[in-house]
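To start, the structure under review is shown below, and the notes come after it.
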Amino acid sequence: MHWTKAQPFVAAYITSLLRDFHRAEDVLQQVAVTLVRKYHEYDPERPFLSWALGIARLEALKEQRRSARDRHVFSNDLTEKLTDAYEKIGSRYESFLPMLDECLEEVDTRARRAFDLRYVEDLKPADMAERLGMTPGAVRVLLHRARTVVRECLDRRTEQMGNRQ
17 MHWTKAQPFV AAYITSLLRD FHRAEDVLQQ VAVTLVRKYH EYDPERPFLS WALGIARLEA
77 LKEQRRSARD RHVFSNDLTE KLTDAYEKIG SRYESFLPML DECLEEVDTR ARRAFDLRYV
137 EDLKPADMAE RLGMTPGAVR VLLHRARTVV RECLDRRTEQ MGNRQ
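Structure (structure tokens):
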């Protein structure tokens with residue numbers, strides 16, 4: 017897993033620790049810089065996400081120390097527990113992403129474009145409708161049907177994984 021795929025997960029982790037979006041964004045940028053600067057130290061035998069979360073934890077702790085006057089700072093024990101939880105979830109997240117990519121291949125081109133407009137460009141159905149030459153209602157139906165296809169595919173694949181283990 018590389019930074020582009022890990023970044024949303026790391027951002028959520030940092031935000032959960034700091035509980036301030038703007039501070040979390042600043043720390044996330046620092047994490048990205050640190051990852052690039054220290055990439056030569058990364059051991060490809062270990063999960064990238066765990067490495068990134070470790071760096072994020074250290075950067076978040078630095079930010080918490082800088083903001084020590086804020087009485088809403090988590091204890092080290094709670095920070096450790098959150099880190100452990102994110103690492104456990106992260107291992108599932110890493111195996112989930114390739115399945116998601118495969119399942120997205122099952123939707124047609126128009127639905128895939130709708131997904132990109134909605135979830136990458138963050139457009140609302142009315143704006144999507146204009147770009148796709150559809151009504152907003154038709155866009156909502158298209159998204160609903162495409163989500164159903166992806167959800168059913170993910171259900172099948174996770175069930176198959178469970179049967180293999």
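Numbering of the sequence shown is given in our numbering, commencing with residue 17 and proceeding in unit increments. Glycine residues also receive a C-beta, built at the ideal position from the N, C-alpha and C atoms.
C-beta atoms of residue i and residue j nearer than 7 Å
| i | j | result |
| --- | --- | --- |
| residue 31 | residue 40 | yes |
| residue 101 | residue 26 | no |
| residue 133 | residue 144 | yes |
| residue 122 | residue 165 | yes |
| residue 76 | residue 33 | yes |
Simplified DSSP state of residue i, which is helix, strand or coil
| i | result |
| --- | --- |
| residue 5 | This structure cannot settle anything about residue 5, because the visible part of the chain is limited to 17 through 181. |
| residue 138 | coil |
| residue 96 | helix |
| residue 163 | helix |
| residue 124 | coil |
| residue 66 | helix |
| residue 149 | coil |
Extent of the continuous alpha helix (DSSP H) to which residue i belongs
| i | result |
| --- | --- |
| residue 42 | 37-53 |
| residue 32 | 19-34 |
C-beta neighbour in chain E for residue i, strict 7 Å
| i | result |
| --- | --- |
| residue 68 | Absence of chain E from the displayed structure is noted, only one protein chain being present. |
Whole-Å CB distance - residue i paired with residue j, under 8 Å assumed
| i | j | result |
| --- | --- | --- |
| residue 128 | residue 120 | 7 Å |
Contact between the segment 136-147 and the segment 34-51 (3+ Cβ pairs under 8 Å): no
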